[in-house]
Structure formats: structure tokens, C-alpha cells
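Take -2 as the starting number for the sequence shown in my numbering and just add one per residue.
Structure, as C-alpha cells:
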Amino acid sequence: MAGKAESGATPDRLDLEGFIEAAGVSRETAERFEAWRVLLEKWRTRINLIGASTADDFWRRHALDSVQLAAFAPPAPPALAPPLRWVDLGSGAGFPGLALALALEGAGRADAVTLVESSRKKAAFLREAARVTASGATVYAGRIEDLAAAEAKEQGGGFDVVVARACAPLTRLLGYAVSLWKQDTVGVFLKGRDAEAELTLAAKSWRFQFDLQPSRSDPDGRVVLIKRLEHVRSS
């Protein structure tokens, strides 16, 4: 395990205009986020999609928090090559996966994004959110293990980028992720102030290279980048 940690600044509470500036997205893309935000307000009183304490800070706590991960995307492949495949584990309300799909689409990229959600109600919300935002993101309504089994049957299965936010502790999250991993897959995970402790614990069960970057949306947040993931075999 090898890596580094850096510190960074956090913006104040954002509105739509502040999000456009902080995230570097077009107004058209931001308007698709606004359609998502309005839908989220309608649905969150019926199902637990985001915490009530964060609902009024959508643009910083959710939108920017998720979109910042696009900076760690691998380069877009050549025009005739297959698009990169992303998967968001435990997508919930769509963070970070749907946000990344919107940002990537707004940047003219053809990456394919799959949102994995085992809750039928949340998966229904994700489908509606993808519809109202005109996103090409795909919703997989099932368990991560079931998606991994389906991918294992496909020649060339697996994803190029695995992302997650608030899905599980890192040791367990890597257990989910490795079943969807390819040789050059990159894991991009949003974590809190305990990121370094989670990395230390995960290193007891997993071998990997990592980089630890500051979150642009949360002073206590970290972006954990994982490469070369493999399970530690017991002797």
C-alpha cells in the first residue's frame, strides 16, 4: 500500500450559480441538475433518499460532492473504441453516479454509467431521475453480487471505474468492488475524516495502490483512489 494525502479548501454553501462556477459545468448541465433537485424534493418526503439536514445544501453537499470525482476520470478512449464503463455501488438518490453521468455527458463524453441500487423504491426514483434529466445512465435494480455474477458471464466483463459514496466501510466496499474489477480499473470513493484509518484496516485484507485527495465540498472529506486491487491470500 502506498500513497499520499493532501489538504484542500471547501466552498461555502452554494446556489445554482455557485455550483456552475465551482464545478465548471455548463448552464445546460446545471439545469439538468436543477430538474433532479426538484424531483428529489418531491420524493424525499416519501422515501429516505438524503438526510433532511442536507436537503437545503444540495449544490455543495450532494451535487459538487459528486461531480468533483469526474476530475479523476481516465482519459476518454479514441472515437472508435468502446466507451468507458462506470458503476456506482449503492447509488441511493444517484450520488455520485447520476451526477457523474450528467457531468460526463455535458462534457461530450460517451461513457456508460450504471447505477446499482437494491431498494426497489430508490431504483424507481433513479429511473425517474434519469428520465427527467435526459441522462443515459442505466439503473440496475438489484444487489451488487448479482451484477457481478452477470458480468462474470460476459466476455470482457467488468468496469473501468468503480465509484461509491456512503455505501460501506472501505474493507467491505473493496469486497464488493473487486468482483467488478478489471486489471486497469480505478476505484474512486468518497470518504470522511476516518479515511486513513479505513485504509489502514483495509490493507490487512487487500493489496492496492492508493492516493488520498482532499474533498472540494467537505473540509473533513477525502477522495480515495484505488488501483491494482487484489485480495491478500492467507498463508
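Ideal Cβ positions, reconstructed from N, Cα and C, are used throughout, including at glycine.
Q: In the DSSP assignment, find the unbroken alpha helix (DSSP H) run with ARG34 in it and report its ends.
A: 24 to 40
Compare the Cα-Cα distances from THR26 to each of ALA76, ALA52 and LEU95 and report the closest residue. LEU95
Would you decide whether ALA90 is buried or exposed? Buried here means 16 or more other CB atoms lie within 10 Å of its CB.
-> buried
Cβ-Cβ distance between ARG124 and VAL136 below 7 Å:
yes
- Task: Could you pull out every residue in the same chain whose Cβ sits closer than 6 Å to the Cβ of PHE186, ignoring the five residues on either side in sequence?
- Result: ALA161 and VAL221
- Own chain, CB closer than 8 Å to MET(-2), minus 5 neighbours either side, in chain order: Its pLDDT being 44, under 50, MET(-2) is placed unreliably in this model, and the coordinates cannot settle the point.
Open item on the list: By the three-class DSSP mapping on this structure, what secondary structure does LYS201 have?
Closed with: coil
**Asked** Where does LYS179 fall in DSSP's three states?
**Response** Residue state, collapsed to three classes: coil.
Q.
Just to confirm my understanding: we take ILE44, look at its own chain, exclude 5 residues before and 5 after, and list those with CB closer than 6 Å. What are they?
A. LYS118
Discussion item. On the CB-based measure, 16 or more other CB atoms within 10 Å of its CB, does PRO72 come out buried or exposed?
Written reply: The residue in question, PRO72, is exposed, as its Cβ has fewer than 16 Cβ neighbours within 10 Å.
ARG57 versus SER214: straight-line alpha-carbon distance, rounded
Cα to Cα, ARG57 sits roughly 6 Å from SER214.
Original post:
Per DSSP, what kind of secondary structure is ASP217 in: helix, strand or coil?
Top reply: coil
Excluding the 5 residues flanking ASP9 on each side, which residues of the same chain have their C-beta closer than 7 Å to its C-beta?
Nothing listed; no residue qualifies.
- Is the beta carbon of ARG29 sitting closer than 7 Å to the one on LEU99? yes
### Spatially closest choice to PRO80 from ALA147, ALA149 and GLY155, by CA coordinates
GLY155
Grab the span of the alpha helix (DSSP H) containing ALA146 for me, first residue to last. 141 to 149
| query | Just checking my contact of GLY87 with VAL64 at CB under 8 Å: how many whole Å lie between their CB atoms? | reply | Contact flag wrong, Cβ pair sits at about 18 Å.
Once DSSP output is grouped into helix, strand and coil, what is the label at ALA78?
coil
Beta-ladder partner(s) of THR111, from DSSP:
Residue pairing of THR111 in beta bridges, as defined by DSSP: VAL84 and THR135.
Q. Which residues in the same chain as GLU31 place their Cβ atom closer than 8 Å to its Cβ, once the five residues preceding and following it in sequence are excluded?
A. LEU13
Alpha-carbon to alpha-carbon, ASP157 and GLU148:
Between GLU148 and ASP157, the C-alpha separation is close to 13 Å.
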